[in-house]
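In our numbering, the protein residues as written are 5 to 346.
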């Protein structure tokens, strides 16, 4: 994966070096060697690894708490349980989850969601740091060994209290519905530490976690991520990505096992920053040929059967953002976005 990351980054920098306006080499935000720029200027967005300093991690969680304290944009008639700006993003995810997964929407729509969320942290809460991503392949699957999940000051919290419980059944809202069973994790009880306790939202929010490190070790190791990035086309890439994406959610457990409400847990955004990173690395390996590739139909798992999506397929974020096409969201160095992974 590291070699692909380096090649992808070099390719993107070469493209930027030839530009004289817009997103260029001298203003693009780059993640380098696990260290991030300290600030964001204008519309630039920093994306970087989860190895942030304690001060940076606290600044990040403080910004999330700030979003939780601000009045929502979503009216009660649309989502009566939405009480804050943070909840706005969850309401959008709830309202659109039945078609933005296992479809053409998945990658570009979630990139748009991430960008809008991170922009809100910056513009509405004065956040000037970098947005962390959760590298699934680190620490041999030991989730609690990563600083953001340790339960210590500056983390998002830790595993839930260990309570006896059985397997968990997940529901996939295809037509007809499908069901998947995942084994019991190592927690399952309430989270007792971290900055997001107590809760304030009436939409399902983070209160329990059920870490499954064995699941993570088996399915999201360095080799799994690398083989996904090595895919020759987007169809093949998505086979690997669907596994990595789903495994990240179920490895954390708790709210991450709910397709609709999962982004009520701030862990969601670290997970999806990594999803975006892996897609971005794959794109950068052959950017001109890959940036406008899309795959999938307009319906979840193509149920009911629907037409294939295109680069002109339109998507939106409800009260969090206007309409954009898949093409508008295909590149991290064009339009509203200006970032690459170093």
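Every residue gets a Cβ at the ideal spot worked out from N, C-alpha and C, and that includes glycine. If you're wondering where the values come from, they're calculated on a predicted model, not measured in any experiment.
- Might you give, ordered along the chain, the residues of its own chain that have their beta carbon closer than 6 Å to the beta carbon of residue 167, omitting 5 neighbours on each side? 192 and 193
- Continuous beta strand (DSSP E) stretch holding residue 136: start and end: 135 to 137
- Task: Using beta-carbon positions only, say whether residue 354 and residue 174 come within less than 9 Å of one another.
- Result: Missing from the structure shown is residue 354; the chain here goes from 5 to 346 and no further.
- Item | Nearest candidate by alpha-carbon position, reference residue 156, set 58, 124, 244 and 91 | 58
- Query: Using 8 Å as the Cβ pair cut-off and three pairs as the minimum, do the region 321 to 337 and the region 96 to 104 touch?
  - Reply: yes
- Residue nearest to residue 221 in terms of C-alpha spacing, selected from 198, 64, 254 and 237: 254
- Could you pull the start and end residues of the alpha helix (DSSP H) that residue 182 belongs to? The continuous stretches of alpha helix (DSSP H) do not include residue 182, which lies in the beta strand (DSSP E) extending over residues 182 to 186.
- Item | Rounded C-alpha distance that separates residue 278 from residue 181 | Distance between the alpha carbons of residue 278 and residue 181: 28 Å.
- Item | Stretch pair the region 55 to 71 + the region 128 to 143: three plus CB contacts closer than 8 Å | yes
- Task: Determine the extent of the alpha helix (DSSP H) in which residue 65 is found, giving its start and end residues.
- Result: 58 to 73
- Query: Per DSSP, residue 157 forms a beta bridge with which residues?
  - Reply: None; residue 157 has no bridge partner.
- Out of 190, 196 and 241, state which residue places its alpha-carbon closest to the alpha-carbon of residue 294. Residue 294 has its Cα closest to that of 241, out of 190, 196 and 241.
- Message: Between the alpha carbons of residue 27 and residue 282, how many angstroms are there, rounded?
- Response: 21 Å
- Beta-carbon gap between residue 32 and residue 343 smaller than 9 Å: yes
- Message: With a threshold of 7 Å on Cβ separation, who are the neighbours of residue 223 within its own chain once the five nearest residues in sequence on each side are excluded?
- Response: 247 and 251
- Message: Measuring straight from C-alpha to C-alpha, what distance separates residue 150 and residue 199?
- Response: 16 Å
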